[in-house]
Each structure stands twice: as structure tokens, then as C-alpha cells.
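For this note's numbering, count along the sequence shown from 1 and bump the result up by 92.
Note that CB positions come from ideal geometry on N, CA and C, so glycine has one too.
The structure displayed is predicted, hence computed values, not measured ones.
Here the structure is laid out as C-alpha cells; the discussion comes afterwards.
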Amino acid sequence: MPIETSGQWPAQSPAHVGVRGRCPRCGQGHLFKGFLTLAPSCEVCGLDYSFADPADGPAFFVICFACVPSVAFAMWLEIAYTAPYWVHLFTTLPLLLLTCIPPLRPLKGWLVASQYIYKAEEGRLVTDSPTEDITAGRAKPGPEI
93 MPIETSGQWP AQSPAHVGVR GRCPRCGQGH LFKGFLTLAP SCEVCGLDYS FADPADGPAF
153 FVICFACVPS VAFAMWLEIA YTAPYWVHLF TTLPLLLLTC IPPLRPLKGW LVASQYIYKA
213 EEGRLVTDSP TEDITAGRAK PGPEI
């Protein structure tokens, strides 16, 4: 059962709580129920995590900052030494796995915490006329005067 105190929560750093996998509101509850699966809500403060949608953000950062250098190493190894497959199996594969899998969870936690703390939400179109129907591309009939 969630503990409700005064309703005021201390300010949290997205990097601090996200990397540790903690709730972005209270900083104490767990953010994940599996390796990369978000929990439905915080067991301490009751924050519903349904707002969170990090999408492919963690994978993008891992690809850019971990996979590219690892693949560059593999290519260098192959070109410089014409390494047999077993050398790649014992050098390149572990390097790829160790640089790509462990950062996924902290990055996902950081992105979810950032979404909560900075109140990020889906973009919406703003129109001058409140009766304009953006999705249909035509104006709705307004009230008769």
C-alpha cells in the first residue's frame, strides 16, 4: 500500500534516481520489475508509471556510444590481423555484449525519470480556432448564434 505523507516530494535528479532504477517522485520505490520491464507503479508512493514511454531512446544511445566503437574495434582487428572467427568469438563478441547490454537499464531509467521530472509529454498541435478539427483536416460546425 502506498505511503502518503504530506503530498510534497523532494526534488530528484533524473540521473541519480534513473541510473539506480528508483522512482522519479520519491526516489525510493523500484522503477523496474524485470531487467527492462517497467513496474506498473511505485510500491512506496504509488506513482503510476503509465506516463513513461522511453521508446527506442536507450537503444539509440547504446548504439551510438557503445556499438559503434565496438564494431570499429572488430573491423580494425579483422583488417590489421585477418583474425580467424574464433578470435572474434573470444574478443569482439564479449566486448559487444559487455558494452551494449549493461547500459540499457540505467539509460532507460534515466529517460523515464527525465520524462517525469521535466513533465515531457506527447506534442500537440495548437490552433487559433477551438472549433478546427486537426485530425480530419476540416472545420467542425461551430455553435449557432
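Coarse secondary structure for residue i, derived from DSSP in three states
i, result
"Leu-181", "helix"
"Ser-133", "strand"
"Arg-117", "coil"
"Phe-124", "strand"
Own chain residues within Cβ distance below 6 Å of residue i, not counting five before or after
i, result
"Ser-162", "Leu-187, Leu-188 and Thr-191"
"Val-204", "Ala-144 and Pro-146"
Residue burial classification, residue i (beta-carbon count within 10 angstroms, cutoff 16)
i, result
"Lys-200", "buried"
"Cys-134", "buried"
"Ser-206", "buried"
"Ala-147", "exposed"
"Leu-185", "exposed"
"Cys-156", "exposed"
"Leu-130", "buried"
"Gln-100", "exposed"
Opening and closing residue of the alpha helix (DSSP H) in which residue i lies
i, result
"Glu-214", "Neither: Glu-214 is in no alpha helix (DSSP H) and is coded neither H nor E."
"Ala-166", "160-173"
"Gly-149", "149-154"
Beta-carbon gap between residue i and residue j smaller than 7 Å
i, j, result
"Ile-209", "Pro-102", "no"
"Cys-159", "Leu-139", "no"
"Gly-121", "Val-109", "no"
Same chain, Cβ closer than 7 Å to residue i, five either side skipped, listed in chain order
i, result
"Leu-128", "Leu-196, Arg-197 and Lys-200"
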